[in-house]
Amino acid sequence: GWWELTKKGKNPTKYGIFLKKDTIRGHAYIWNIEIEKIPKDWNKRIEILKSKEINHKLVGVLKTTPRIKVLGRKVWLCNDHLRIYDTEKSSYYGDDAGESRKNSKLQAFRITISLERRLGIKLNPNRIKFRKEHYSLIRNDLAIDQNQKGLIWRIKDDQTGEEWLLIDDSLGEGGELENIGKKAFKTNIPLQKWWNIKKKYNFEVTDEFLIERFKKFDDRDKKFSEVMDKLQTKMIQLTKVVYDLNQDKFKS
Numbered sequence: 001g002w003w004e005l006t007k008k009g010k011n012p013t014k015y016g017i018f019l020k021k022d023t024i025r026g027h028a029y030i031w032n033i034e035i036e037k038i039p040k041d042w043n044k045r046i047e048i049l050k051s052k053e054i055n056h057k058l059v060g061v062l063k064t065t066p067r068i069k070v071l072g073r074k075v076w077l078c079n080d081h082l083r084i085y086d087t088e089k090s091s092y093y094g095d096d097a098g099e100s101r102k103n104s105k106l107q108a109f110r111i112t113i114s115l116e117r118r119l120g121i122k123l124n125p126n127r128i129k130f131r132k133e134h135y136s137l138i139r140n141d142l143a144i145d146q147n148q149k150g151l152i153w154r155i156k157d158d159q160t161g162e163e164w165l166l167i168d169d170s171l172g173e174g175g176e177l178e179n180i181g182k183k184a185f186k187t188n189i190p191l192q193k194w195w196n197i198k199k200k201y202n203f204e205v206t207d208e209f210l211i212e213r214f215k216k217f218d219d220r221d222k223k224f225s226e227v228m229d230k231l232q233t234k235m236i237q238l239t240k241v242v243y244d245l246n247q248d249k250f251k252s
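If you read the sequence shown in the UniProt record's numbering, its first letter stands for residue 1, the second for the next number, and so on.
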């Protein structure tokens, strides 16, 4: 499910009781929604906003794109689409990133309907694109431990230099292990699986543990190979002895 945390306060009961450790929290969304049929006078949308007395602000590099507010969200009225910035404190929870994303999309649908009514345009809710999204494991033990020690995590991709993983405490609940960047949705799913496997085996299956195991298997393979080599040598010797005995028998 989803709900919003406002500036006036938050409901610790919902967060603390109903949401278990490592539940996924989707947040920091920016959605792009395609305009199904661009109105003829869309290039005059600033004048239209003024005539309808709709509060707006000009944004963008050249300050030519009008921005309005709908359901508390800032919406940029671009040439062929609308860009919606979700509120800073909005959160959408789920057992995984997929469920969290679906819940956020429901909110995007609500905003779309409100925009259609207010602007008198037709939008395509089936073409909502996620321009930005963050996913975090809430109340995560690793994040809590690192926060308590005052250690900061900001991990970047070696090739792109883009940050993709960090540890923070956005909601003041101890700590979150969070995926950010363009691939946040795709990277959160394997991250969650990795973390759950670690928990399942009580964090005993570390990289060092696996390396030691592989070494033991390798040692066993080497010993087995040595035994087989010796056995093969013995079999060859035995075969030669049997052959020699048979030859002697035929000669006699």
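In this text, a Cβ means the ideal position worked out from N, Cα and C, and glycines have one as well. Note that this is a predicted model, so its numbers are computed, not measured.
{"Asked": "For a test of the three-state rule: what should DSSP assign to Val30, helix, strand or coil?", "Found": "It should be noted that the sequence gives Ile, not Val, for residue 30. Three-state result, Ile30: strand."}
{"Asked": "Rounded to the nearest angstrom, how far is the Cβ of Ile189 from that of Ala97, given a contact under 8 Å?", "Found": "5 Å"}
{"Asked": "Quick one: which unbroken beta strand (DSSP E) runs of 3-plus residues sit fully inside the stretch 102-142? Chain order, please.", "Found": "123-138"}
{"Asked": "So, with DSSP's three-state summary, where would you put Leu238?", "Found": "helix"}
{"Asked": "Would the beta-carbon of Ile128 fall within 9 Å of that of Ala108?", "Found": "yes"}
{"Asked": "Are Ile84 and Ile33 touching if we call contact CB-CB under 9 Å?", "Found": "yes"}
{"Asked": "Leaving aside the five residues before and after Ala184 along the sequence, list all residues of the same chain whose C-beta is less than 6 Å from its C-beta, in chain order.", "Found": "Glu133, His134, Tyr135"}
{"Asked": "Once DSSP output is grouped into helix, strand and coil, what is the label at Thr64?", "Found": "coil"}
{"Asked": "Taking C-beta to C-beta, are Asn161 and Asp169 nearer than 9 Å?", "Found": "One detail in the question is off: residue 161 reads as Gly in this sequence, not Asn. Not closer than 9 Å, so no."}
{"Asked": "Report the residue from Ser104, Leu77, Leu71 whose alpha carbon sits nearest the alpha carbon of Ile113.", "Found": "Leu71"}
{"Asked": "Three-state secondary structure (DSSP) at Asn196?", "Found": "helix"}
{"Asked": "Rounded to whole angstroms, how far is the Cβ of Ile111 from the Cβ of Arg73, which I believe are closer than 8 Å?", "Found": "6 Å"}
{"Asked": "Suppose you measure from the CA of Asn79 to the CA of Arg25; what does that come to, to the nearest Å?", "Found": "32 Å"}
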